Each structure stands twice: as structure tokens, then as C-alpha cells.
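Novice: Provided herewith is a single structure, encoded as C-alpha cells, for subsequent inquiry.
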Ligand code: PLP
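In UniProt numbering, the protein residues as written are 2 to 427.
Structure below.
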């Protein structure tokens with residue numbers, strides 16, 4: 002088959018728009034008539050800086066990021082690296098705040114030993130990170146925090162499996178979340194790619210208070226960024242790998258509140274962290290370092306940022322009302338696919354609860370004939386024959402998963418819905 006024959010529903014890396022790839026293919030050979038390809042130009046060149054700055058500006062524009070208060074950082078850590086980076090950096094910020102407060106104290110702050118003793122005491126008593134676990138990815142982030150800090154500092158504030166027979170598929174009521182007082186962070190995953198669970202909206206229990214203070218919220222938006230409006234101000238940090246809705250694999254974006262960077266919050270020194278028995282961040286995961294160098298502390302793949310920039314330009318061109326325009330399309334596509342599944346309840350079982358169904362990763366089982374495994378194999382084979390590919394569920398949960406990312410056109414969603422209907426009727 003050729004590209005034109007395929008609608009690719011893979012969960013990530015996802016399909017990219019063909020015109021973006023055509024432009025990028027040419028740029029790999031010769032970027033803008035320079036005689037040198039985009040992946041060959043120095044990351045220290047002016048053109049590389051321009052690509053970074055333009056991608057940042059377009060992201061700010063498309064998502065309405067309050068740019069005076071937020072920094073955009075390109076990294077290579079993947080979502081997985083951000084599980085660790087969020088811990089290191091926000092624990093560092095927590096220590097910096099405690100340190101500053103102790104220095105104000107006439108007793109504890111008077112001597113170096115007093116400061117250290119007081120910091121150690123506060124860490125032991127008060128350092129807590131809260132995790133809302135609603136699927137495989139937030140579980141991995143929680144496990145990484147436990148690995149880095151030890152279980153005594155990590156609070157499983159909610160575990161969706163406890164309300165759904167040990168499986169993911171629901172989001173526990175916010176009134177049951179056991180949030181710590183002044184946690185160093187409260188973490189959740191906005192869209193669980195494997196389990197098809199998406200937060201329908203920002204969890205109100207984490208909203209900032211009237212005076213602007215409130216919990217330090219971190220969210221993983223790897224698989225739904227750019228598909229709906231984000232109340233950026235509610236977050237201290239949000240991050241996403243590019244390889245679903247933004248671009249190709251290889252670049253990860255962190256959107257960080259500037260108050261977590263110097264001059265407001267300088268990270269504690271490695272020497273201090275060592276004395277406190279806290280982990281020292283690898284320099285590549287320290288936001289302060291990367292931000293100070295406009296994402297060029299070390300060799301960044303400018304090609305990946307370039308692709309992301311092309312996708313953003315295309316989105317801005319396609320949708321005059323920016324992310325709201327894409328949001329309407331994403332909702333429409335998802336509702337067409339869910340409606341096709343719901344029309345045949347004897348054939349399909351949608352995995353997550355209706356209230357938390359993802360618009361991006363549509364997870365279902367094909368229960369027709371009772372023999373689910375064989376029927377799903379037949380479903381996948383027939384779908385592939387029609388050019389509907391990448392539909393196999395994640396290996397950890399099985400079933401079918403249609404990833405309805407931004408690059409899936411409306412016609413692609415309609416074609417899948419038509420097949421879902423035809424397979425059920427056959
Ligand atoms: N978070 C979410 C929601 C994801 O879907 C993924 C990957 O699919 C990750 C994190 C991990 O990203 P990476 O493979 O880039 O480390």
C-alpha cells in the first residue's frame with residue numbers, strides 16, 4: 002500500500018500529515034537553499050535558534066499560554082524522563098522554599114548546622130508527593146517517584162483500580178482523593194494512552210485559590226495536548242512527548258511556571274542535596290539549566306523541533322480559532338467512533354466508563370461470538386485489509402485501541418466507524 006491507502010490509528014508514534022513530511026523530506030536534503038540539511042546544521046546556528054523560537058511562539062499562540070509566566074523547554078527525555086524530571090525539579094523547589102523559610106528563623110537559621118538539622122527534620126516530616134493513578138502511565142510515574150525518593154515521601158492519593166475490580170477504567174471521585182498538605186507536587190495523567198481514560202476537565206479540587214495560591218499541579222499531556230483547551234494557569238508544570246499530536250519521536254516539551262526557576266527559585270546545590278540525602282538531578286533533567294540555555298544546553302535534535310513547528314503552523318493555518326477549532330473536530334471524530342460502537346452493544350464492549358472515555362485513545366473489546374481473542378484477530382485482519390491499521394491494543398491490556406489523534410482526518414474516523422458497523426452486521 003501507499004500512504005494514501007492507509008489511515009494509521011497507532012498510539013505513538015502517530016501518523017504525521019503528508020504535506021509536513023514532504024516539506025521535512027526536502028529540508029533533510031537542503032534546508033532553505035543552504036545546501037545543507039536541517040539535521041546537519043549546527044544546533045548553535047542562528048537558524049536553529051529561529052526554529053526553536055518560532056515553535057515556542059506558535060505553541061504559545063495556539064494554546065494561549067500566558068508567556069510572561071511560563072517557560073517552554075524542549076528536552077529529549079521522553080515522557081518517561083519527565084516522570085523523573087518532575088520529581089527532581091519540584092523536590093528541589095520544595096527544598097529551596099523550606100531553606101529560604103528556615104534562614105528567616107532567628108534560631109534554626111542562625112548556624113549552618115541549625116539550617117541542616119531543620120531541613121532534615123522538615124524533609125522527614127513533611128516532604129510528600131501526591132499521585133493520582135488512573136492508568137498505566139500515571140502508575141509508571143508514581144513508581145518512578147518511589148524509586149527515586151523512597152515510598153515514605155510518595156503518597157498514592159488515589160488509585161483508580163480500587164473502584165473498578167482491580168482494573169483501570171474509572172476516575173475516583175475527587176472527594177475521596179487523599180491529598181497531602183503542601184505537597185511538593187500533585188501529579189496526574191490527563192489522558193491515559195493505554196487505558197483510554199481521559200480527565201473530562203481539570204479536576205476542580207486542584208484548582209488555584211482566589212489568592213492565586215494552591216496545589217503544585219503537574220500533568221502528563223503526552224497523548225492529548227493540542228486537542229483541547231488547557232487552563233495553563235492551573236498548572237505548575239505540564240509536559241508532553243511530541244510523538245502523538247505534536248510531531249515525531251525525539252523531543253519532549255515541558256511547560257513550566259517561571260516562578261519555579263531562578264531568580265524566584267534556584268535549585269539547591271548538589272552539595273546541599275547530598276547532605277540531605279536527596280537525589281541530585283542529572284544536568285539534562287534540570288529545567289533551570291535547560292531553560293537558561295533556551296533548550297540548547299546540549300545537542301538538541303533541531304529536526305524534531307522543526308517538524309513540531311511545521312505541525313503547529315499547519316494547525317494555526319487550519320483553525321483560525323486555534324485549539325478550539327481542533328477541539329471541535331477531535332470531539333466530533335470521537336463521537337462518531339463511539340456511536341458506531343454503541344450501536345452494537347452485543348458485539349462491542351467499550352472498556353472505560355462512559356464518564357471518562359478518552360477522545361484520543363478509543364479502547365474496546367470485540368465480544369461477538371463469545372471468542373473474544375479470535376474475533377479481535379479477525380477484526381484487525383479485516384481492518385488492515387481496508388487500510389485501517391495500528392488498531393491493536395497495548396500489549397499489557399489487549400483488545401482494540403483506535404488512537405484518534407489530530408492527524409486522523411474526519412474521513413478516517415468515518416471510515417473506521419463504517420467498518421465497525423459493517424463488521425458487526427456481517
Ligand atoms: N505518558 C503518556 C501518556 C504516554 O502515552 C507515553 C508513551 O506512550 C509516555 C508517557 C512515555 O513516553 P516516552 O515513551 O516518550 O517516554
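Ideal Cβ placement from N, Cα and C applies to all residues, glycine included. Predicted, not measured: the structure shown is a model, and the values here were computed from it.
For residue 61, collect the residues of the same chain with a Cβ closer than 6 Å to its Cβ; drop the 5 residues on either side in sequence, then sort them by chain order.
Specialist: Closer than 6 Å at Cβ, skipping near neighbours: 68.
Novice: Can you give me the Cβ contacts of residue 401 inside the same chain, cut-off strictly under 8 Å, excluding the 5 residues immediately before and after it?
Specialist: So the qualifying residues of the chain are 364, 365, 366, 367, 377, 380, 381, 392, 393 and 394.
Novice: Could you give the first and the last residue of the continuous beta strand (DSSP E) run that contains residue 71?
Specialist: 71-76 is the extent of the beta strand (DSSP E) around residue 71.
Novice: Starting from the Cα of residue 411, find the closest Cα among 345, 420, 331 and 421 and give me that residue.
Specialist: Ranking the options by Cα distance to residue 411, first place goes to 331.
Novice: Pick from 81, 308, 200 and 260: whose alpha carbon is nearest that of residue 133?
Specialist: Checked all of 81, 308, 200 and 260; the closest Cα to residue 133 is 200.
Novice: Taking DSSP's pairing of strands, which residues face residue 404 in a bridge?
Specialist: Paired residue(s): 362.
Novice: Taking residue 203 as the reference, give the member of 232, 36 and 73 with the closest Cα.
Specialist: Ranking 232, 36 and 73 by Cα distance to residue 203 puts 232 first.
Novice: Grab me the residues of residue 335's own chain with a C-beta within less than 6 Å of its C-beta, minus the 5 sequence neighbours each way, in chain order.
Specialist: Closer than 6 Å at Cβ, skipping near neighbours: 360 and 405.
Novice: Quick one: what's residue 156 bridged to in DSSP?
Specialist: Answer is 131, bridged to residue 156.
Novice: Using the rule of at least 16 other Cβ atoms within 10 Å of the residue's Cβ for burial, across every protein chain shown, is residue 282 buried or exposed?
Specialist: By the neighbour-count rule (16 or more Cβ atoms within 10 Å), residue 282 is buried.
Novice: Scan the stretch 352-397 and note each continuous alpha helix (DSSP H) run of 4 residues or more that stays entirely inside, going in chain order.
Specialist: Qualifying alpha helix (DSSP H) stretches, in chain order: 373-386.
Novice: Kindly identify the DSSP beta-bridge partner or partners of residue 253.
Specialist: According to DSSP, which records beta bridges pairwise, residue 253 is partnered with 76 and 242.
Novice: Write down the C-beta distance between residue 262 and residue 292 rounded to the nearest angstrom, noting that I regard them as a contact closer than 8 Å.
Specialist: Going by Cβ atoms, the distance from residue 262 to residue 292 rounds to 6 Å, so yes, they are a contact pair.
Novice: As a quick exercise: from 146, 179, 388 and 321, pick the residue whose alpha carbon is nearest that of residue 161.
Specialist: Minimum Cα distance to residue 161 is reached at 179.
Novice: Entirely within the UniProt domain "Aminotransferase class V" (9-97) and at least 3 residues each: give me those beta strand (DSSP E) ranges in chain order.
Specialist: DSSP runs (the beta strand (DSSP E)) wholly in the UniProt domain "Aminotransferase class V" (9-97): 71-76.
Novice: Rounded to the nearest angstrom, how far is the Cβ of residue 103 from that of residue 120, given a contact under 8 Å?
Specialist: At roughly 6 Å, the Cβ-Cβ gap stays under 8 Å, so residue 103 and residue 120 are in contact.
Novice: Please state the DSSP three-state secondary structure of residue 196.
Specialist: Of the three classes helix, strand and coil, the one that applies to residue 196 here is coil, per DSSP.
Novice: If you draw a straight line from the alpha carbon of residue 157 to that of residue 143, how long is it in whole angstroms?
Specialist: In a straight line, the C-alpha of residue 157 is about 8 Å away from that of residue 143.
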